[in-house]
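Peer 1: If you count the sequence shown from 1, you need to add 133 to reach this note's numbering. By construction, the Cβ of each residue, glycine as well, lies at the ideal position given by its N, Cα and C atoms. Pasting a structure below so you can have a look.
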Amino acid sequence: MSHTSLIERYVMPVALKIAGQKHVLSVRDGIILNMPFMLIGSFFLIFAYLPVPGYGEMMSGLFGDLWRDKMLYPVKATYDIMALISSFGIAYRLAEKYRTLDPLTAGALSLVAFVMTIPQNTLFTPVHGAPEVVKGVIPIGMVGSQGLFVAIVISLLSTEIYRFVAGRNLVIRMPDGVPPAVAKSFLALIPGFCVLAVVLALRLVVEASPFGDINSMIATIIGIPMHHVGGTLPGMIVSVILIGILWTLGLHGDAIVLVFIQPVWLSNMSENLTAFQNGQPIPHIITQQFYDLWIAPGGTGALLGLVLFMLFRSRSQQMKQLGKIAAPGALFNISEPMVFGIPLVMNPYFFLPFILTPVLLVIVTYTAMATGLVAPPAGIALPFTTPIFISGYLATGGHISGTVLQVVNLAISLVVYYPFFRVWDRLKAKEEHASQSARAVAPADVPPGERA
């Protein structure tokens with residue numbers, strides 16, 4: 134029995150049940166609202182970190198030393214408000230599925246509730262002087278991808294509270310002569326009060342704990358153990374598993390996990406560079422480049438292989454078009470268009486390969502470097518956007534073995550993703566065929582005298 138048949142027989146029925154659940158669908162559909170903005174931002178991100186020798190110096194000469202900061206304005210306006218957009222979109226889609234709620238009201242309530250979970254202050258350290266707390270600001274990190282998990286939870290919670298209160302007719306109804314928009318705003322008064330009261334209680338409980346806020350609580354619980362295992366093979370395996378799980382739940386796995394283990398990686402990278410410059414053996418295998426350039430071709434989850442299938446093997450037009458859109462970003466190791474475009478968040482079909490592929494690549498890459506078959510990263514700091522094959526050669530200090538290993542890793546990702554891609558592609562192709570058939574049959578149901 135083929136891998137595709139096994140997946141269709143054992144995995145697909147469970148995945149269909151999970152994927153058809155209202156809340157899972159709402160999370161998926163709400164997060165997709167970010168997709169066009171993510172695609173726009175990804176193009177500016179590519180141009181900001183284009184891995185071409187002399188590119189940065191040329192741009193500095195033409196536009197000044199702050200050119201990259203200005204090039205990243207669109208990135209900050211798209212990537213960095215992802216949680217805000219999702220909090221509205223998820224609640225809107227869930228309210229649509231219940232049919233008895235006003236989607237706009239649900240989205241607005243969710244957005245207000247999410248903002249209320251965020252402490253409106255930040256720590257500012259002047260050039261000369263002690264750090265001080267600045268009040269009346271919303272930290273940008275908490276409304277971007279790092280705050281996505283909180284946005285998902287709050288949007289689902291607020292919409293369920295709204296439904297619970299409205300379902301018991303605890304609303305203020307205006308007379309028939311009142312404009313509909315005004316009447317709907319009064320309908321939201323009592324449900325909105327209940328939503329904010331519950332979220333306020335939740336925030337006060339967390340503030341009374343040592344964590345201070347919900348985002349810090351999540352990051353602390355997950356991240357502290359990762360700091361102690363970042364430079365080992367078992368630690369690396371645990372790290373990529375955790376990163377994958379967090380991404381599929383809607384959390385920015387890299388931002389949460391890597392903040393604790395990156396210092397270890399960067400320290401290893403510095404020691405490697407010193408040894409490389411002095412002609413000594415490279416002491417460490419696991420560094421920032423180990424993860425960026427060999428474990429994440431195409432971005433988190435090693436999605437380049439999946440993009441290639443979508444480009445060249447898709448029967449579904451939706452998958453083929455998405456592959457064309459996501460390909461430029463994947464070539465420069467930017468995975469957000471794929472993660473939020475398919476989407477991979479809350480998608481049970483791709484949960485296993487999204488986590489399994491990086492684990493296999495960690496094992497293969499570490500083994501190849503530890504046995505001396507492939508040169509380890511030499512501590513050369515390459516941008517994470519450096520395309521595959523070129524990056525493997527440069528990061529190892531000019532060893533072709535680095536590129537060969539990247540070819541092997543890409544082949545592994547193709548093998549792992551292929552059966553799951555086939556199942557998903559068939560499903561989307563069937564949906565498209567059913568939709569086309571429905572449109573073709575629909576005119577026949579209209580009486581001849583009523584046709585245009």
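1. Which first and last residues belong to the alpha helix (DSSP H) in which ASN542 is found?
2. Please go through the same chain and pick out, in chain order, the residues whose beta-carbon is closer than 6 Å to the beta-carbon of ASP425, but skip the five residues on each side of it.
3. Can the beta-carbon of TYR526 be found less than 8 Å from the beta-carbon of PHE442?
4. Do you know how far the Cα of LEU436 is from the Cα of ILE218?
5. Please report the distance separating the alpha-carbon of ALA567 from that of MET215.
6. Do LEU406 and ILE593 come within 8 Å of each other at the CB atom, strictly closer than that value?
7. Identify the continuous beta strand (DSSP E) that holds LEU183 and give its terminal residues.
8. Taking the continuous beta strand (DSSP E) assigned at PHE257, which residues delimit it?
9. Please return the same chain residues whose Cβ sits closer than 6 Å to the Cβ of ALA585, not counting the five positions on each side in sequence.
10. For ALA299, does the three-state DSSP call read helix, strand or coil?
11. Leaving aside the five residues before and after PHE554 along the sequence, list all residues of the same chain whose C-beta is less than 7 Å from its C-beta, in chain order.
12. Count the other C-beta atoms from every protein chain shown that fall within 10 angstroms of the C-beta of VAL556, then say buried if there are 16 or more, exposed otherwise.
13. So, for VAL540: in the same chain, excluding its five sequence neighbours on each side, which residues have a beta-carbon less than 8 Å away from its beta-carbon?
14. If you drop the 5 nearest sequence neighbours on each side, which residues of the same chain put their C-beta closer than 7 Å to that of ALA562?
15. Just the C-alpha distance for TRP427 and LEU337, rounded to the nearest angstrom, thanks.
16. To the nearest angstrom, how far is the alpha carbon of GLU229 from that of ILE223?
17. Between ILE496, VAL373 and TYR188, which lies nearest to ILE389 when the distance is taken from Cα to Cα?
18. Nearest to PHE473 by CA position, among ILE271, ASN466, PHE465 and ALA459, is which residue?
19. Considering only the alpha carbon of each residue, which of VAL549, PRO509 and VAL548 lies closest to ILE533?
20. Considering only the beta carbon of each residue, do VAL311 and ILE323 sit closer than 8 Å?
21. Considering only residues of the same chain and omitting the five flanking positions on each side of ALA239, which have a CB-CB separation below 8 Å?
22. Look at the alpha carbon of PHE484 and the alpha carbon of LEU477, and state the distance between them as a whole number of angstroms.
23. For SER468, count neighbouring C-beta atoms within 10 Å of its own C-beta (all shown protein chains included) and say buried if the count is 16 or more, exposed if not.
24. Helix, strand or coil for VAL266 per DSSP?
25. May I have the straight-line CA-CA distance separating LEU399 from ILE271, to the nearest angstrom?
26. Our contact map puts GLY434 next to ASN466 with C-beta atoms below 8 Å; I'd like the distance itself, whole angstroms only.
27. Ordered along the chain, which non-local residues of its own chain (more than five positions away) have a Cβ less than 8 Å from that of LEU333?
28. Unbroken beta strand (DSSP E) runs of length 3 or more, entirely within the segment 393 to 461: which are they?
29. So what does DSSP say about TYR482, is it helix, strand or coil?
30. May I ask which residues mark the beginning and end of the alpha helix (DSSP H) holding ARG161?
31. Once the 5 residues before and after VAL574 are set aside, which same chain residues still bring their CB inside 7 Å of it?
32. Give the straight-line distance between the Cα atoms of PRO470 and PHE196, rounded to the nearest whole angstrom.
33. Distance check for ARG559 and GLY582, CA to CA, integer angstroms please.
34. Return helix, strand or coil for ASN348, following the three-state DSSP convention.
35. Run the CB neighbour count on LEU289, radius 10 Å, all protein chains shown included, and call it buried at 16 or more, exposed below.
36. Thinking just about the alpha-carbon of each residue, which of GLY262, GLU190, PRO169 and LEU335 is nearest to the one in ILE251?
Peer 2: In brief:
1. 533 to 574
2. PHE517
3. no
4. 24 Å
5. 33 Å
6. Any answer about residue 593 is impossible in this case: the structure gives the chain only from 134 up to 585.
7. Unbroken run through LEU183: none, as it is neither H nor E.
8. 254 to 257
9. The predicted position of ALA585 is uncertain, since its pLDDT is 41 and thus under 50; a value taken from the coordinates is nonetheless stated next. Here the set comprises nothing.
10. helix
11. LEU439 and PHE442
12. buried
13. PHE522
14. ARG448 and SER449
15. 43 Å
16. 10 Å
17. VAL373
18. ALA459
19. PRO509
20. no
21. ALA224, TYR225, LEU227, ALA228, SER291, THR292 and TYR295
22. 7 Å
23. buried
24. strand
25. 30 Å
26. In fact, because the Cβ distance is near 11 Å, the residues do not count as touching under 8 Å.
27. MET249
28. none
29. coil
30. 155 to 164
31. none
32. 29 Å
33. Legend: pLDDT at GLY582 = 49, less than 50; position of this residue unreliable, value from coordinates given subsequently. Their Cα atoms are separated by approximately 39 Å.
34. helix
35. buried
36. LEU335
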